[in-house]
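In this text, residue positions in the sequence shown follow my numbering: the first is 17, and each later residue adds one.
Working notes, beginning with the structure itself.
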Amino acid sequence: MIFCVPMKLKRSNMGFEIGHVPSNRDGWGPPEGPVVLENQLQNVPYAPYSKSEKLGRIADWSRNYSAHPSARDSSAVFDFSLDDADDESFRLVDGKPPPRPKFGPKWRFHQNPHRHLPQRKDEEVEARRREAEKKMLRRDRLFNQNRANAQRRDAASFKSSVDIQPEWTMLDQIPFSTFSKLAFSVPDPPEDLLMCGALEFYDRSYDRINLKNEHRLERFKTRNFFKVTTTDDPVIRRLANEDHATVFATDAILATLMCAPRSVYSWDIVVQRVGNKLFFDKRDGSQLDLLSVNETSQEPLPEAKEDINSAHSLSVEAAYINQNFSQQVLTRDGNKLTFEEPNPFASEGDEVASVAYRYRRWKLDNETSLIARCEVHSVIDARGQRSFLTLNALNEFDPKYSGVDWRQKLETQKGAVLATELKNNTNKLAKWTVQALLASADVMKLGYVSRLHPRDHFKHVILSVQGYKPREFASQINLNTSNMWGIVKSIVDLCMKLNEGKYILVKDPSKPQVRIYEVPMDAFENDYVEEPLPEEEQLQPPTEEEAADSATAAAPVSKDDEEKDVDADV
C-alpha cells in the first residue's frame, strides 16, 4: 500500500523544490512521536477512503490548495473516488485468439443436421424408433423378394437333364456335403502320352481392345468344332486296347465331376464298366456340350424356352460365342504349330478349328490309372518359349439381370465386373479353370463379349480380353486341386465296385446331390453318332433374313464393321 503525503512544492528558477522529509534512522516508516517539519503545510485536506471503494486517482495535481484552506477545500472528500462514467469507458484488451471448436470445422459438416435444431429428448427417441421401423420393413421386403426369386429359380430349373425311366434302378445317392471333405493328391505334372491336332498363334492385338475400339464378333461357318465323347475317340480306344490305363474320360467330363458342388443345373454322365476298365461318357446332345449362363445367380431367368433370355437360349448363344471367339483372336496367317498326329476327328479336306488334344495319364493308385483327353486352343511365343493358351468368352446379354453394365464398368472397374461374373457363373468359370489345369495351359484368356443391342442375340462385340495364370486364378476363386481329385477318386472307387454294365450319374435338379442309376445296356444307343455334329447342331447363327428381322432395334454400326462382317460371312 502506498501512502501519499501532500507536500508543499516550491517553484524556483531551476524547477520544483520538495520540502524537508524526516528520516527514521531506527526503523521502517515515519519516526515515532511528533515531528516538527520545516515548511510543513498545515491543515492539508485529506480524503479518507474504504478498502471496498475503487480509486480513480491517487493524487490531484490540478487542484490549487491555499495555505489557509476553506471549508470548501476540506469538504472535497470524494475527489479521489472512481467516477462511474470512467468505469464504463474502461475495456480490457486481450490479445489471445478466441478458442477453436473442439472438433474442428469438418465435424460441423458431418454431424447430423437435426442436431442443429432444438429437440426435446422424447422427440429424438421417437425419431430413432421410426428409423428403426423403416430399416426393419426394408430388410423384410428384401428377404421376401430374395425368397420369391429363389422359389422362382427352383421352379424354373426343376427339370432333370435326362428323363428317368421306370426300369432304371437307383443304386446310391451322394450329397455334395460329403465332397467338401475329400482330398487326394496326384503326381504333378502328369505323363503326356500323345498330342494331336494343330494350333494357330494368338493375336496379341486383342489384348489392347477396350471400349473405344471394340471389335465385332465374326462368324466362322466353315470351321468344324468336334464334341466327341470318350468311347467314340479312336485314340482312347487304341490306348484302352493297349492297356495304358483303367479309367478313361475327357477334360469336360472330369471338370463336371470336379466342380459338381458348385453346380445348380442338372447334368448327367454315362459310366460304362467293361472288364476292369471304366469309361466316363456323355450323351449326344447333353448339357455338357453347352455353356450355362447365370447358373448361380439369384436373379431368375425367363421360363419360356423361346425367350432369347431363357436358360436354354442363353446356353446356345454362349456356346456359339465361345466357338467364334476362340477362332477370331488368332493370327490366321497360315502359320500353325503341328503335332505328332493330325486331328483324329477331321476328314481330309475339312477346315478344322485351332485345337490340340493332349492325352495325359494320372496315377490314382498302384492298380488304377486315368487317361483324359485335354484341349488347348492356341499357342504364343513368349521370351523364346512357347506357351499354350485356352480361350473362353463370357457373354453379357442384359445388364439388368447382372446389375453391372460392362460398357460403364469394364474400363475402370474390371475387378467388380469379374467379381459379378464369379458370383453369377461360379460353376462355368471353375470348369474352365479345371480344364486349363488338366491341360497344363500356361495362360487362360477370358474375353468379354456383349450383345450389340440387348434385344438382338445375333450380333455381338468384343469389349475386352484378359489373361490369367490358371493356378493363380484357381486360388483366387477358392478352387482346391486336392479336393477336385478327391471327388474323382471317390467316384472312381465307387464305380469300380459295380458289376459290369452301364450306369448313369445324374445331378438332382432340386437338391445338391448326385444319384447313380443302373440302366440297360442298350440305353442311349440311338443317340450316339461317331461322326462330327451336323452343321445345324453346331450352334450356327440363323439366316441373314432372320437376323435382319430381329436386329431392327439394334444400334447402328460403322461401315468398317459391316464390311468386316460381310467378309467373315463370305
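We put the beta carbon where it would ideally sit given N, CA and C, even for glycine.
Tell me which residues share the same chain as S279 and place their Cβ nearer than 8 Å to its Cβ, disregarding the 5 neighbours each side in the sequence. T272, E311, N443, K523
Does DSSP put T246 in a helix, a strand or coil? coil
Leaving out five residues on either side along the sequence, give the residues of the same chain with a beta carbon under 8 Å from the beta carbon of A87. Reliability fails at A87, whose pLDDT of 47 lies under 50, so the model's placement of it is uncertain and the value that follows must be treated cautiously. Counting only Cβ-Cβ distances below 8 Å, and skipping sequence neighbours, we find nothing.
Assumed close pair F236, N340 - CB separation to whole angstroms, cut-off 8 Å: 6 Å
Tell me whether V481 is buried or exposed, calling it buried when 16 or more other Cβ atoms sit within 10 Å of its Cβ. buried
At 3 residues or longer, and completely inside the stretch 495 to 551: list those beta strand (DSSP E) runs for me, N to C. 517 to 523, 529 to 535
Leaving aside the five residues before and after L426 along the sequence, list all residues of the same chain whose C-beta is less than 7 Å from its C-beta, in chain order. L227, V433, Y464, L479, S480
Under the three-state DSSP convention, the category G213 falls into: strand
Residue span of the beta strand (DSSP E) that contains R374, given as start and end: 371 to 379
Work out the CA separation of Q424 and L438 for me, nearest whole Å. 18 Å
DSSP three-state label for V286, please. strand
Looking at C-beta atoms only, is the number of pairs between the stretch 399 to 411 and the stretch 277 to 294 that lie closer than 8 Å three or more? no
Pair within 8 Å by beta-carbon distance, D458 and V345: no
On a CA-only basis, which of S201, M274, E322 is nearest L495? Give me that one, please. M274
Proximity of I503 and L198 at Cβ, strictly below 8 Å: yes
For the beta strand (DSSP E) containing F474, list its first residue and its last residue. 472 to 484
Which residue from A320, D509, R253, K243 puts its Cα closest to that of N628? Outside the displayed range of the chain (17 to 586) lies residue 628, so it cannot be described from this structure.
CB-CB under 6 Å to Y533, same chain, minus the five flanking residues each way: which ones, in chain order? W184, M186, I520
For the beta strand (DSSP E) that contains N325, what are its first and last residues? Per DSSP, N325 belongs to no beta strand (DSSP E) and is neither H nor E.
Could you compute how far the alpha carbon of N229 sits from the alpha carbon of E333? 23 Å
Bounding residues of the beta strand (DSSP E) (the contiguous stretch that carries F295): 293 to 297
Here's the rule I'm using: 16 or more other beta-carbon atoms within 10 Å means buried, otherwise exposed. How should A372 be labelled? buried
Taking the alpha carbon of D179 as the reference point, which residue from P525, Q529, M537 has its own alpha carbon closest? P525
Any idea what DSSP makes of T436, helix, strand or coil? helix
Start and end of the alpha helix (DSSP H) containing N443? 442 to 454
Applying the 10 Å Cβ sphere with the 16-neighbour rule, what's the burial state of S491? exposed
Helix or strand or just coil, what does DSSP make of R399? coil
Determine which residues share a DSSP beta bridge with H231 and list them. I478
Going by Cα to Cα distance, which pick from R41, R376, M537 is closest to V290? M537
Since A268 is in the alpha helix (DSSP H), which residue starts that stretch and which ends it? 267 to 274
If you compare alpha carbons, which of F413, V392, L410 is closest to L453? V392
Would you call the CB atoms of T245 and D297 closer than 8 Å? yes
Which of the three DSSP states is assigned to K425 in this structure? helix
Please determine, among Q288, L233, A148, the residue with the shortest C-alpha to C-alpha distance to R467. L233
First through last residue of the beta strand (DSSP E) which encompasses P46: Counting along the chain, P46 falls outside any beta strand (DSSP E), and DSSP gives it neither H nor E.
Taking the continuous alpha helix (DSSP H) assigned at K416, which residues delimit it? 415 to 418
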